[in-house]
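Trainee: Would you mind keeping the following structure in view while I ask a few things?
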Amino acid sequence: VAVIFVMLVATAVTYPIYWNLLAPVGLGYLQTVVFILVIAAVVQVLEAVIRKAFPPLYRAMGIYLPLITTNCAILGVMLINIQETYGFLAAMTSSLGAGVGYMLAMFLFAGVRAKIEKADIPSFMEGLPSTLMAAAIVSVSFMGFKGVIENLFG
Numbered sequence: 001v002a003v004i005f006v007m008l009v010a011t012a013v014t015y016p017i018y019w020n021l022l023a024p025v026g027l028g029y030l031q032t033v034v035f036i037l038v039i040a041a042v043v044q045v046l047e048a049v050i051r052k053a054f055p056p057l058y059r060a061m062g063i064y065l066p067l068i069t070t071n072c073a074i075l076g077v078m079l080i081n082i083q084e085t086y087g088f089l090a091a092m093t094s095s096l097g098a099g100v101g102y103m104l105a106m107f108l109f110a111g112v113r114a115k116i117e118k119a120d121i122p123s124f125m126e127g128l129p130s131t132l133m134a135a136a137i138v139s140v141s142f143m144g145f146k147g148v149i150e151n152l153f154g
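Numbering of the sequence shown is given in my numbering, commencing with residue 1 and proceeding in unit increments.
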């Protein structure tokens, strides 16, 4: 949920920065640096708010909250929104959809990993090999889903 929130707020901040400050003066090449700084600032503000307003949640999230800053999915969504020249509402919708998709992927991955941990697997497949296999299974499922969507909506 924190990733969805950061994606939405970062989109709401980076969109006007790019289209009103960077693009008009020909500084579009700075978008990656500016977007990273905005994402880092949004995560820091989110962390401060959670620390003050929801201390138990802050303790539960621990080190994982600052790691959202390095989540490339957030930066990728910002860059795709600019590259596709979405309007503001379309960019926000894209960010929401990407965040929900990310959350779905994490749920699926966690479910597959939980099944693998309970399964009786050979010792040479424990740990990293089983994690990579789980990632492959989840990615193949999304490739299949993409094919279904493309066939339905052309």
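Every residue gets a Cβ at the ideal spot worked out from N, C-alpha and C, and that includes glycine.
Keep in mind the model is a prediction, meaning the values are calculated, not measured.
Taking contact to mean 3 or more Cβ pairs, one atom from each stretch, closer than 8 Å, check whether the stretch 50–59 and the stretch 23–31 are in contact.
Mentor: These segments do not touch.
Trainee: Does residue 149 pass the burial test, meaning 16 or more other C-beta atoms within 10 Å, or should it be called exposed?
Mentor: It is exposed - the Cβ of residue 149 has fewer than 16 other Cβ atoms within 10 Å.
Trainee: Counting Cβ pairs, one atom from each stretch, are 3 or more of them under 8 Å apart for the stretch 7–20 and the stretch 88–95?
Mentor: A contact exists between the stretch 7–20 and the stretch 88–95.
Trainee: Looking at residue 77: is its Cβ nearer than 8 Å to the Cβ of residue 42?
Mentor: Not a contact, by the Cβ cut-off of 8 Å.
Trainee: Which parts of the stretch 52–83 are runs of the alpha helix (DSSP H), unbroken and 4 residues or longer, counting only runs that do not cross its ends?
Mentor: Correct list: 55–61, 64–67, 72–83.
Trainee: I'd like to know whether the C-beta atoms of residue 134 and residue 113 end up nearer to each other than 8 Å.
Mentor: Going by C-beta atoms, residue 134 is nearer than 8 Å to residue 113.
Trainee: Tell me whether residue 59 counts as near the ligand FMN, meaning its Cβ is closer than 7 Å to at least one heavy atom of that ligand.
Mentor: Inclusion of the ligand FMN in the displayed structure is not the case, the ligand content being empty and no account of it being possible.
Trainee: Report buried or exposed for residue 142, applying the criterion of at least 16 other Cβ atoms within 10 angstroms of its Cβ.
Mentor: Its Cβ having fewer than 16 others within 10 Å, residue 142 is exposed.
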